[in-house]
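Asker: Take this structure first; my questions come after.
In the working numbering, the protein residues as written are 411 to 811.
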């Protein structure tokens, strides 16, 4: 008797992206502004224009917006296959954060099931279009608070705690919610969070505390999470260093803003790095600025870690792609755009800067938040070509997971 294949979610690295979904609320088409005002369609259009021709982008919209969406789409220089999916008259797209709405489960690398914690017209429409099952999930876990690596899942600690909270601050037994999250996929769950006692701890800035092969016991009740979702500040790379999975973690810098905002965020992320290292991760830091949003003037970080990653080299390329949100078109952040591209390029990637995400800054989201990868080509050797280009630089001796 053949054993059932392990449950598997679509990873955030590895194979080539083949199908991706986006959701655009009706408000995005109000006036279809291109006059320099805040318009979320600008970065969305830039992303569609940056996708390869063999990618299919399914764009969910409200039915009454179809004509406006068609007009907008026709003006883009997009080579990917962009298909508009209007919802029926009784449904609407309430927000653009499709990453959070559902999870995609696969069999043999092909999407078979969409899991949603609550009824969703978006999930139903996508399932119908793709011929997938749409099933209820008993786990409340926003997609933005989970990063799926090759052999691990990094989940924001707020999504691993039971609803009632942790009354016992010294508890080492995993909460029921943690066990429910673990059951979604075969990969081992790791926690993104920090211990209050580690705030300001200088040792939190180290890349790796020791060669841990098995993470230490965690006192679950003492851990807090930095930010709303893990994908605000952490990127999965699909690489390993000295046997440890490599993460890119944001390092905040004050920019035209009160230094206190950036320093508070930095202390929390430094402490989070310490806990990540103790769970067996290798860490590389990338600079992110904290500055006023262009519409609300509220000091917020720019989410350079909110990326899409491939680890397979496309047939006409020499390096795998990573799509990195950029902000320098609307703000004085060209230097941060350039530095974040260089970090990925030193890791062996071809970094594609996608401009315009300042228009999402006040909403605390960026590129990954506004997309959902539905299908990836399985990460494997094809036509004798190496699955990953390795940079010759000795400064970053990373390798594929």
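Just so you know, even glycine gets a beta-carbon here, dropped at the ideal spot from N, CA and C.
Taking only three categories from DSSP, how would you classify residue 787?
Answerer: Of the three classes helix, strand and coil, the one that applies to residue 787 here is coil, per DSSP.
Asker: Are the region 468–478 and the region 494–508 touching, with three or more C-beta to C-beta distances below 8 Å?
Answerer: Judged by Cβ distances under 8 Å, the region 468–478 makes contact with the region 494–508, as three or more pairs qualify.
Asker: Which residues mark the beginning and the end of the alpha helix (DSSP H) in which residue 746 is found?
Answerer: Counting along the chain, the alpha helix (DSSP H) containing residue 746 begins and ends at 744–756.
Asker: For the alpha helix (DSSP H) that residue 491 lies in, which residues bound it at each end?
Answerer: It is not in any alpha helix (DSSP H) - residue 491 instead sits in the beta strand (DSSP E) that spans 491–496.
Asker: In terms of alpha-carbon separation, which member of 697, 690 and 634 lies closest to residue 661?
Answerer: Here the closest residue by C-alpha is 697.
Asker: Return the chain-ordered list of same chain residues with a C-beta closer than 6 Å to the C-beta of residue 455, the five sequence neighbours on each side being excluded.
Answerer: Contacts found: 486.
Asker: If you check the beta carbons only, do residue 667 and residue 713 fall under 8 Å apart?
Answerer: Not in contact: residue 667 and residue 713 (Cβ atoms no closer than 8 Å).
Asker: Among 774, 512 and 549, which has the Cα closest to the Cα of residue 590?
Answerer: Of the listed residues, the one whose Cα sits closest to residue 590 is 549.
Asker: Is the distance from the Cβ of residue 640 to the Cβ of residue 422 below 8 Å?
Answerer: No. Outside cutoff.
Asker: Going by beta carbon distance, what residues of the same chain come within less than 8 Å of residue 586, once the five residues before and after it are set aside?
Answerer: 572, listed in sequence order.
Asker: Cα separation between residue 658 and residue 499?
Answerer: Rounded to the nearest angstrom, the two C-alpha atoms are 42 Å apart.
Asker: In three-state terms, what does DSSP make of residue 674?
Answerer: Of the three classes helix, strand and coil, the one that applies to residue 674 here is helix, per DSSP.
Asker: Between which residues of its own chain and residue 703 is the CB-CB distance below 6 Å, once the five residues before and five after are set aside?
Answerer: For residue 703, where only same-chain residues beyond five positions count, the Cβ hits under 6 Å are 710, 771 and 772.
Asker: Helix, strand or coil for residue 417 per DSSP?
Answerer: The answer is coil: DSSP assigns residue 417 none of H, G, I, E or B.
Asker: Pull up the CB-CB distance for residue 513 and residue 419, whole angstroms please, since I reckon it's below 8 Å.
Answerer: Right, their Cβ atoms sit about 6 Å apart.
Asker: Going by DSSP in three states, residue 509 sits in which element: helix, strand or coil?
Answerer: If DSSP states are grouped into helix, strand and coil, residue 509 belongs with the helices.
Asker: Could you check what DSSP says for residue 514 in three-state terms: helix, strand or coil?
Answerer: Note: residue 514 maps to strand in three-state DSSP.
Asker: Going by beta-carbon coordinates alone, are residue 765 and residue 734 separated by less than 8 Å?
Answerer: Their beta carbons are not under 8 Å apart, which means residue 765 does not touch residue 734 by this criterion.
Asker: So who's on the other strand from residue 762, going by DSSP bridges?
Answerer: DSSP lists 733 as partners of residue 762.
Asker: Which same chain residues, not among the five before or five after residue 426, have their C-beta less than 6 Å away from its C-beta?
Answerer: Taken in chain order, the residues that qualify are 720, 722 and 787.
Asker: Within the same chain, show all residues whose beta-carbon is closer than 7 Å to that of residue 620, passing over the 5 residues directly before and after it, in chain order.
Answerer: Low per-residue confidence applies at residue 620: pLDDT is 42, beneath 50, and the placement is therefore not dependable, though the value from the model is reported in the following sentence. Result list for residue 620: empty, nothing under 7 Å.
Asker: Residue range of the alpha helix (DSSP H) that residue 459 falls in?
Answerer: Residue 459 -> alpha helix (DSSP H) spans 451–460.
Asker: For the beta strand (DSSP E) containing residue 523, list its first residue and its last residue.
Answerer: 520–526 is the span of the beta strand (DSSP E), which, as asked, contains residue 523.
Asker: Spell out the partners DSSP gives residue 604 in its beta bridges.
Answerer: 634.
Asker: Kindly give me the distance between the Cβ atoms of residue 555 and residue 568, rounded to whole angstroms, as I take these residues to be in contact under 8 Å.
Answerer: Rounded, the Cβ-Cβ distance is 7 Å, consistent with contact.
Asker: What does residue 686 pair with, by DSSP beta-bridge criteria?
Answerer: For residue 686, which the question treats as bridged, DSSP gives no partner whatsoever.
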